[in-house]
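Each remark here refers to the structure printed beneath this line.
Number of protein chains: 2
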Amino acid sequence: MTLPAGSPDMPARRGRPRNQSSSAAILTATLDLVAEVGIAGLTMDSVAVRAGVGKATIYRRWSSKEALLLDAWMSCVNASPTPDTGSLRSDVNQMFLRDDHPLSDSALQRVFPQMVAAAKVNPDVTQAYHAFLAERRHPIRTVLTRAIARGELDRDTDVELVADLLIAPLMYRWLVTDGVVDHQIISRVIDTVLAGLHATAPVPH
Amino acid sequence: MTLPAGSPDMPARRGRPRNQSSSAAILTATLDLVAEVGIAGLTMDSVAVRAGVGKATIYRRWSSKEALLLDAWMSCVNASPTPDTGSLRSDVNQMFLRDDHPLSDSALQRVFPQMVAAAKVNPDVTQAYHAFLAERRHPIRTVLTRAIARGELDRDTDVELVADLLIAPLMYRWLVTDGVVDHQIISRVIDTVLAGLHATAPVPH
DNA sequence: AGTTTACGATACTGAACGGTTTCGTATCGA
DNA sequence: TCGATACGAAACCGTTCAGTATCGTAAACT
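Chain order of the listed sequences is A and B.
Under the numbering used here, the first residue of the first sequence is numbered 1, with each subsequent residue one higher.
Under the numbering used here, the first residue of the second sequence is numbered 1, with each subsequent residue one higher.
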């Protein structure tokens, strides 16, 4: 036991080497199944079948179901690029109107709620979850900080709060209400929030 | 089997009557335990122990674990009163700054994510969940509709979108980031959103 | 008193599942 | 060729748990 989970492809110098593609297949199968049946419904047998591997192969690389789940989740992070166009408005537009934006990833849409729920209940998951969140929020934080430096936003702007004002309505529809999240909605959220920021703390132009 | 779940105190005219308080104790125990250990960790035995009843008593009133969960969730709804002060601003303030606001219910804070996650995966739960949501959103919808009627908001305002703009940042902190949700944050969210609405579609005063 | 139903407690059953082991085979270095 | 390791498949083990049944008791009706 106590394999170094997190680096499942490392060990073994003699003998048959591990099939590198199996790890990816296992992680993908795990995420797909979590999206379909939730964590409670996820079984190691189903992961093995879906990934086309034997259970032994899974346990050779991860010490437990929980370790596998944590790895699978962290593999979702794939931070998106941070735009730097010189204007807050177009930076934000670029971030949210990308077609490959996370919000258009329907698997993540189903996995994410499972993460949130598990994080509320399991301390190990809580930690991984917060790392995930911090990673995901990094780009918007950078964009806002730069906007402050440029004088586009008030110097004492609460970056976290503004990030929430922009992200939350989309996240909320995406996660809680299953509402529409299309370009029009996104644009109107951005319009309203930026207008509100300028109205309550006018730019010094 | 096939007891009429949802009305667990009805039957039996002869013989010893059912203990009315047991149903409430069972529902409360269910919600508490879901908050503590999640749905996956919830066992009927633990519900029975926590509620101080026998398992038979639970199954006499609900046909299955799932039926019990659905009933327990729907019992959270307890719609809050809808303020009608004559002004959008103070209506919204009253709704969100109440000390008994749902957002200050820490049990619900842990149960709700479990509902969201389950709703993504189980069609029966999906239905109950959307009924729950509609019930919860009713007050804000009414407040916004009245504000439109008074001319405080543009006549073609998207009520659902504005509701999201107000609710989502709080909900997002409450549900996703575990961030602070105090009166100051709430006020600043309301300030910014209302300012943004008036800036993009000025009131005809 | 006698009947009927509910009660908490406890034992039981049957299935699902996490995790391990075994087996025959494949693929590497030496 | 040989030892070491990996592979998929499948059997296996031990536990957990939903749901049922039983028991002795309590509370209602007639």
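Quick reminder that beta carbons are idealized off the backbone N, C-alpha and C, glycines included.
From the listed residues A:Gln20, A:Pro123, A:Ala107, A:Val143, the smallest Cα separation to Ser80 (chain A) is found for A:Val143. Contacts with chain A (Cβ-Cβ distance below 9 Å) from the stretch 62 to 75 of chain B involve no residue at all. Residue state for Gly38 (chain A) is assigned as helix, using DSSP reduced to three classes. Of the residues assessed, Gly15 (chain B) falls on the exposed side of the cut-off, its CB having fewer than 16 other CB atoms within 10 angstroms.
From the beta-carbon of Gln114 (chain A), the residues of chain B found nearer than 7 Å are Ala117. Note that the C-beta distance between Ser64 (chain B) and Glu152 (chain B) is not below 9 Å. With contacts defined as CB atoms closer than 9 Å, Arg61 (chain A) and Ile39 (chain A) fail to qualify as a contacting pair.
Look at Val180 (chain A) here: in three-state DSSP terms it is coil, with no helix or strand label. Beyond the five residues adjoining it in sequence on each side, Ala163 (chain B) comes within less than 7 Å, by CB distance, of Arg137, Ile140, Arg141, Leu144 in the same chain, given in chain order.
For Met44 (chain B), no chain A residue has a Cβ inside 9 Å of its Cβ, as the nearest lies near 15 Å away. Annotation for Glu160 (chain A): the continuous alpha helix (DSSP H) segment containing it runs 159 to 172. Within chain A, no residue has its CB atom less than 8 Å from the CB of Met95 (chain B), the nearest being about 16 Å off. Residue-level contact check: Asp158 (chain B) touches chain A, since one or more beta carbons of chain A fall below 9 Å from its beta carbon. In this structure, Thr200 (chain B) and Ala195 (chain A) form a Cβ contact; the two beta carbons are roughly 5 Å apart against a cut-off of 8 Å. For Leu170 (chain A), same chain residues with a beta-carbon under 8 Å away, outside a window of 5 residues either side, are Phe96, Leu103, Val181, Ile185, Ile186, Val189 in chain order.
Taking C-beta atoms under 8 Å as the contact rule, Val193 (chain A) and Gln114 (chain A) fail to qualify, at a distance of about 29 Å. Between His198 (chain B) and chain A, the shortest Cβ-Cβ separation is below 9 Å.
Ranked by how close their Cα comes to the Cα of Gly179 (chain A), the residues B:Arg173, B:Ala168, B:Trp174 have B:Ala168 in first place.
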